[in-house]
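Mapped onto my numbering, the consecutive letters of the sequence shown carry residue numbers 45 to 631.
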Amino acid sequence: MMFTSGLFQRKRLITEQQEELLNELRGLIMRLRAAFERFGADTDPSDVRTLNDILEHLDELFLIVVAGEFNAGKSSFLNALLGTQVLPEGVTPTTDTITLLQYGEEVASELRTNGLRVHTYPAEVLRQLNIVDTPGTNAVIRQHEQLTREFIPRADIVLFATSADRPFTESERNFLAIIKEWGKKIVIILNKIDILSPPELEQVLSFIRENARDLLGITPDIFPVSAREALRSRSTGGEEGEELWANSRFSAVEEYVVDHLDEEMRVRLKLLSPLGVAQRLSSKYLQATEGLLETLREDLVTIENIEQQMTLYREDLKNDVQYYLNEIDVIMRDLVDRGDYFFEEHIRISRLRDLMRGDLLRSAFEREVVGNVSEQIDQKMHTLIDWMVEKNLRLQQSNDEYIKRRASQHSNKIIGSVGGNFDYNRRTMLETVGRAASEVVASYDKEIESQLLADDVRASVAATALAEVGAVGLGTLLVALFHTALLDVTGIMAATLVAAGGFALLPAKRRQAKKALRERVGVLREQLRNSVMTQFEREVERSVNQVHERNAPFTRFVRSQRGQLSDLQQGFADIDAGLERLRKEIG
45 MMFTSGLFQR
55 KRLITEQQEE
65 LLNELRGLIM
75 RLRAAFERFG
85 ADTDPSDVRT
95 LNDILEHLDE
105 LFLIVVAGEF
115 NAGKSSFLNA
125 LLGTQVLPEG
135 VTPTTDTITL
145 LQYGEEVASE
155 LRTNGLRVHT
165 YPAEVLRQLN
175 IVDTPGTNAV
185 IRQHEQLTRE
195 FIPRADIVLF
205 ATSADRPFTE
215 SERNFLAIIK
225 EWGKKIVIIL
235 NKIDILSPPE
245 LEQVLSFIRE
255 NARDLLGITP
265 DIFPVSAREA
275 LRSRSTGGEE
285 GEELWANSRF
295 SAVEEYVVDH
305 LDEEMRVRLK
315 LLSPLGVAQR
325 LSSKYLQATE
335 GLLETLREDL
345 VTIENIEQQM
355 TLYREDLKND
365 VQYYLNEIDV
375 IMRDLVDRGD
385 YFFEEHIRIS
395 RLRDLMRGDL
405 LRSAFEREVV
415 GNVSEQIDQK
425 MHTLIDWMVE
435 KNLRLQQSND
445 EYIKRRASQH
455 SNKIIGSVGG
465 NFDYNRRTML
475 ETVGRAASEV
485 VASYDKEIES
495 QLLADDVRAS
505 VAATALAEVG
515 AVGLGTLLVA
525 LFHTALLDVT
535 GIMAATLVAA
545 GGFALLPAKR
555 RQAKKALRER
565 VGVLREQLRN
575 SVMTQFEREV
585 ERSVNQVHER
595 NAPFTRFVRS
605 QRGQLSDLQQ
615 GFADIDAGLE
625 RLRKEIG
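So, in structure tokens, the structure goes:
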């Protein structure tokens with residue numbers, strides 16, 4: 045009747061195939077631990093501890109964890125299993141720590157610094173396996189529940205005790221759901237069946253089967269027992285003891301432990317238990333990594349959208365600068381047309397006296413040809429400059445608003461605390477970029493920017509035309525060049541006519557003056573266009589670089605994280621696939 049005989053007397057054996065599977069599992073868990081290290085500060089420390097625990101316990105004895113509410117009779121069940129009063133029993137929570145039962149020649153109890161009580165006892169069953177008694181999941185001291193939950197991942201099989209007077213309570217269902225997440229083998233012990241009639245027992249068993257199937261997806265093994273009667277039978281002899289033993293229905297539990305949990309099954313569960321934990325963790329971090337990558341993909345879209353805005357910014361400036369320069373070309377063509385008309389009217393025999401008076405001719409040229417070209421060109425250039433400054437301001441504002449919107453969108457897809465450091469760094473980067481953009485916009489003075497840009501353009505044109513800029517406008521610069529380069533032509537022409545008396549040369553001189561005007565205006569037009577385009581290209585690059593510099597920390601963060609997380613994603617996916625393949629091999 046005592047279960048100290050049977051397969052527990054055998055030596056612990058493990059086949060070569062099982063040894064290979066064990067080594068492969070150990071290798072996959074070590075790869076997962078290395079992946080956790082690469083995941084860095086975003087790794088949940090409790091997950092690292094869990095992984096280290098299951099790696100450490102791979103070579104230890106088979107571990108049975110007994111869990112349930114404090115009044116489910118866990119301690120009395122274990123006492124009946126061990127055949128004597130090893131653990132205290134009572135109607136109040138008697139197990140205030142996690143107790144690890146191990147084989148020992150002497151009865152001893154030691155409370156370790158980590159809150160774990162190690163209890164040794166000379167029971168033969170403990171030579172082949174270890175048993176853990178946990179605090180009740182509904183204990184008054186809530187830290188007990190946390191201790192129990194942290195110990196579940198180490199279990200090879202969980203015997204979940206529920207009481208016949210309060211079967212399958214809401215708190216028990218919640219706790220079983222946690223065990224299910226770890227992929228543990230669960231066996232339900234229905235204790236205290238001595239308080240039920242046979243019809244009541246069938247009703248309770250039906251209730252537990254239905255709820256367990258709905259919760260776990262499978263119908264677990266359920267053993268109805270009376271631990272109290274089983275324990276009494278061990279100390280009662282004769283027919284009364286046999287009757288108590290039969291009524292306790294405890295023999296089914298012994299047969300399960302001896303026959304079902306034989307060496308082969310224990311090795312299989314010993315492999316499946318840590319494998320389930322590793323699968324849960326690898327799936328968790330694979331999902332978390334994919335969530336982080338999705339956030340980064342959205343961030344990359346943000347960066348690409350900003351780049352597209354800057355591309356459009358360049359195209360707009362190129363097109364609109366061309367438009368304004370074309371308007372200046374019209375001013376210059378009108379000047380050439382007026383010059384042609386002026387030369388036709390003034391370089392003729394009837395105007396010989398005026399031709400001989402150079403000052404009068406220059407005055408007429410300035411009045412009739414040059415006119416207000418200075419003001420016209422200055423006005424067009426300032427309109428262009430103001431537009432350029434406005435476009436630059438809008439670029440900065442767009443970047444500012446876009447980054448701020450992105451900073452307000454947080455990574456709510458991330459699981460639990462995983463990714464917290466990533467989210468913090470990302471938010472900090474975005475806020476830094478947004479703050480820098482806001483400061484630029486806030487300090488932007490359009491009048492000052494316009495004046496600085498106008499001075500740069502004027503200096504560029506003046507340097508190209510080899511003229512002094514002084515305090516004159518762009519148009520005035522050109523007019524000054526017209527005077528020096530064009531009116532001298534008329535003066536030289538008049539002097540030639542007087543000296544040679546060659547009135548027949550007037551048509552040729554008229555054509556020469558027109559040609560000289562066109563050539564000089566053409567040269568000045570190209571100089572102006574090239575200088576303005578060069579200056580505005582510099583301004584475009586300055587604006588774009590300003591945005592790039594502000595966004596650079598965030599851009600570098602996104603791209604570096606994407607590379608690291610892509611590698612991690614592949615690593616977690618490979619580990620997950622390896623664990624699944626190993627599960628199929630174990631069967």
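Where is the CB? At the ideal position from N, CA and C, for every residue including glycine.
Here Asp177 is not near Val269, since their CB atoms are 7 Å or more apart. No Cβ-Cβ contact shorter than 7 Å links Ala256 with Asn235. Annotation for Glu154: no alpha helix (DSSP H) segment contains it, though the beta strand (DSSP E) segment containing it runs 152-155.
Counting the other CB atoms within 10 Å of its CB gives Tyr329 a total of 16 or more, which places it among the buried residues. The beta carbons of Pro243 and Asp97 sit about 45 Å from each other, so the pair does not count as a contact at 8 Å.
Close CB contacts of Leu155 within its chain, under the 6 Å cut and outside five residues either way in sequence, are with Arg161 (chain order). Closest in alpha carbon position to Leu249, among Asp209, His163, Ile266, Ser153, is Ile266. The beta carbon of Val413 sits closer than 7 Å to the beta carbons of Leu379, Arg382, Gly383, Phe386 from its chain, once the five residues preceding and following it are set aside; these are given in chain order. Contiguous alpha helix (DSSP H) elements confined to the segment 285-343 occur at 295-299, taking only those with 4 or more residues. The way I'd put it, the segment 585-593 doesn't touch the segment 277-290; fewer than three beta-carbon pairs between them come closer than 8 Å. Annotation for Ile73: the continuous alpha helix (DSSP H) segment containing it runs 60-83. The straight-line gap separating the alpha-carbon atoms of Phe466 and Thr213 is approximately 40 Å. For Gly112, DSSP records a beta bridge to Ala205.
Phe121 is a Cβ neighbour of Ala271, given a cutoff of 7 Å. In terms of Cβ geometry, Ala208 and Leu260 do not form a close pair [threshold 7 Å]. Of the other Cβ atoms in all chains shown, 16 or more fall within 10 Å of the Cβ of Glu273; this residue is therefore buried. Rounded to the nearest whole angstrom, the CA to CA distance from Glu570 to Gln366 is 13 Å. In this structure, Ile372 sits away from Ile429, with a CB-CB distance that is not shorter than 7 Å. Judged by DSSP in its simplified three-state form, Leu220 adopts helix.
With the rule of 3 Cβ pairs closer than 8 Å, the segment 75-86 does not count as touching the segment 162-170.
Listed in chain order, the non-local C-beta contacts of Ile375 below 8 Å within the same chain comprise Val417, Gln420, Ile421, Lys424, local neighbours out to five positions each way being set aside.
The C-alpha of Leu131 lies about 41 Å from the C-alpha of Asp86. Inter-residue distance for Leu105 and Phe195 is about 15 Å (C-alpha atoms, whole angstroms). Cβ contact annotation for Thr263 (same chain, cutoff 7 Å, sequence separation greater than five): Arg253, Ala256, Arg257, in chain order. Here Gly84 is exposed: its Cβ has fewer than 16 other Cβ atoms, across all protein chains shown, within 10 Å. Restricting attention to Leu340, Glu81, Ile447, the CA atom closest to the CA of Val602 is found in Leu340. Looking from the CA of Glu298, the closest CA among Gly127, Asp364, Pro551 belongs to Gly127.
If the five residues before and after Ala621 are omitted, its C-beta is found closer than 6 Å to no C-beta atom of its own chain. Rounded to whole angstroms, the gap between the alpha carbons of Arg594 and Leu369 is 32 Å. Between Lys224 and Val202, the gap from beta carbon to beta carbon reaches 7 Å or more.
Cβ neighbours of Tyr300 within its own chain (closer than 8 Å, five residues either side excluded): Val231, Asp265, Phe267. Rounded to whole angstroms, the separation of the alpha carbons of Val567 and Pro551 is 24 Å.
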